[in-house]
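To keep things clear, I will list the structure first and then write my remarks on it.
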Amino acid sequence: MISLGRLSRAALFLIIAGAVSCSVKEDRSVCPCYVTLDFAPAVEAGLGDASLLVGNRSGMAVEDVDISSLVDGTLEVAVPRGRTGFSAVFGEEGYDLHGDTLHFDGTQTPGRLFVWSEYAPCDDDAYSCRVQPHKQFCDIEVVLVQDEQSPLPVYEVELKAGCNALSLFDLEAVDGNLSSSAVYDAASLSYRLRIPRQKPGPLVLGLYDTSLPVRIPLMLLDISRELETRGYDWGKPDLDDIRIVIDRQAVKFSVNIVGWTSENSIHVEI
518 MISLGRLSRA ALFLIIAGAV SCSVKEDRSV CPCYVTLDFA PAVEAGLGDA SLLVGNRSGM
578 AVEDVDISSL VDGTLEVAVP RGRTGFSAVF GEEGYDLHGD TLHFDGTQTP GRLFVWSEYA
638 PCDDDAYSCR VQPHKQFCDI EVVLVQDEQS PLPVYEVELK AGCNALSLFD LEAVDGNLSS
698 SAVYDAASLS YRLRIPRQKP GPLVLGLYDT SLPVRIPLML LDISRELETR GYDWGKPDLD
758 DIRIVIDRQA VKFSVNIVGW TSENSIHVEI
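Oh and the sequence shown: position 254 is 771 in this note's numbering, straight run, nothing missing.
Pasting the structure below:
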């Protein structure tokens, strides 16, 4: 599950310490709100266990949830009345949790991060949420055009971006330097890497020859303008993936935006 940084994992009873049982004759404003979380969409999507965050004026708590063991796929949580944030996080391997923000340091390939969040009013006796997780990562494949008679060596491929964290209640990218190295896939002769949600801004791909004594980029490509021109949307609920084809001899590259929920893709050639 999530690797915790400054935040200690806490059982949900910590956040509901002020939520006490009430009778119908008492002042209902001091009674808890019982929130039913329906994990059916996550179960149907085949997602694994989740980390559940709950935050309100009483503080914040984090708890592991084994969704396969939930009766009818639902979980009930009692919280004090008032606006409360909920977030369920799936596939967070490789990230660190600091407060309500998930950080990625780029040292390893992160998990396939899916997150659901909702702010609930919790101003009545009961409230229901449907946990519908959304894709918070972008898989990038980099293909170098090969000459059959003189195959290319294995290069180091690195991507630099401007966001390295995700706010879990707002599902917004958080500013921070991100440097992520691609993994070479010999079967497909391509390089693959995964980055979390970004904001519009520079997205620089660097190509390095590891056989050289000095680490100097053979090529630096800022693909952000081409992505933006062709409609890539970092604010989309489910992020699309990207495929980049580089032809060094022809001094050109192309970008494919691979739709997550659609068979359509956008092809860009510069």
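Beta carbons are placed, not taken as given, at the ideal position from N, Cα and C, and that holds for glycine.
A quick note: this is a predicted structure, and the numbers were derived from the prediction, not measured.
Whole angstroms is fine: what's the gap from residue i's alpha carbon to residue j's?
{"i": "residue 601", "j": "residue 693", "result": "27 Å"}
{"i": "residue 733", "j": "residue 725", "result": "6 Å"}
{"i": "residue 619", "j": "residue 665", "result": "43 Å"}
{"i": "residue 722", "j": "residue 569", "result": "34 Å"}
{"i": "residue 757", "j": "residue 547", "result": "45 Å"}
{"i": "residue 697", "j": "residue 642", "result": "46 Å"}
{"i": "residue 735", "j": "residue 589", "result": "56 Å"}
{"i": "residue 558", "j": "residue 728", "result": "48 Å"}
{"i": "residue 605", "j": "residue 684", "result": "12 Å"}
{"i": "residue 754", "j": "residue 549", "result": "31 Å"}
{"i": "residue 761", "j": "residue 644", "result": "45 Å"}
{"i": "residue 763", "j": "residue 707", "result": "11 Å"}
{"i": "residue 669", "j": "residue 657", "result": "20 Å"}
{"i": "residue 580", "j": "residue 654", "result": "23 Å"}
{"i": "residue 743", "j": "residue 680", "result": "19 Å"}
{"i": "residue 586", "j": "residue 556", "result": "11 Å"}
{"i": "residue 671", "j": "residue 623", "result": "20 Å"}
{"i": "residue 567", "j": "residue 611", "result": "15 Å"}
{"i": "residue 565", "j": "residue 649", "result": "13 Å"}
On the CB-based measure, 16 or more other CB atoms within 10 Å of its CB, does residue i come out buried or exposed?
{"i": "residue 663", "result": "exposed"}
{"i": "residue 597", "result": "buried"}
{"i": "residue 625", "result": "exposed"}
{"i": "residue 731", "result": "exposed"}
{"i": "residue 827", "result": "The structure shown does not extend to residue 827, since the chain is modelled only from 518 through 787, so no value can be given for it."}
{"i": "residue 711", "result": "buried"}
{"i": "residue 690", "result": "buried"}
{"i": "residue 700", "result": "exposed"}
{"i": "residue 703", "result": "exposed"}
{"i": "residue 578", "result": "buried"}
Taking residue i as the reference, give the member of the options with the closest Cα.
{"i": "residue 482", "options": "560, 576 and 742", "result": "Residue numbering for the chain in the displayed model covers 518 to 787; residue 482 lies beyond these limits and cannot be assessed."}
{"i": "residue 771", "options": "606, 738, 632 and 752", "result": "738"}
{"i": "residue 599", "options": "690, 573 and 561", "result": "573"}
{"i": "residue 635", "options": "748, 686 and 588", "result": "686"}
{"i": "residue 592", "options": "610, 672, 614 and 560", "result": "560"}
{"i": "residue 705", "options": "661, 718 and 679", "result": "661"}
{"i": "residue 715", "options": "612, 701 and 677", "result": "677"}
{"i": "residue 630", "options": "647, 614, 638 and 651", "result": "651"}
{"i": "residue 647", "options": "701, 752 and 552", "result": "552"}
{"i": "residue 659", "options": "759, 603 and 623", "result": "759"}
{"i": "residue 637", "options": "587, 595, 713 and 749", "result": "595"}
For residue i, decide whether its Cβ has a neighbour in chain B, counting only Cβ atoms nearer than 8 Å.
{"i": "residue 727", "result": "Included in the structure is just one protein chain, with no chain B present."}
Mind listing, in chain order, the continuous beta strand (DSSP E) runs of no fewer than 3 residues lying wholly within the region 586–662? 591–596, 601–607, 612–615, 618–621, 631–637, 643–647 and 654–661
Suppose only complete runs of 4+ residues qualify. What are the alpha helix (DSSP H) ranges in the region 687–763, listed by chain order? 741–746
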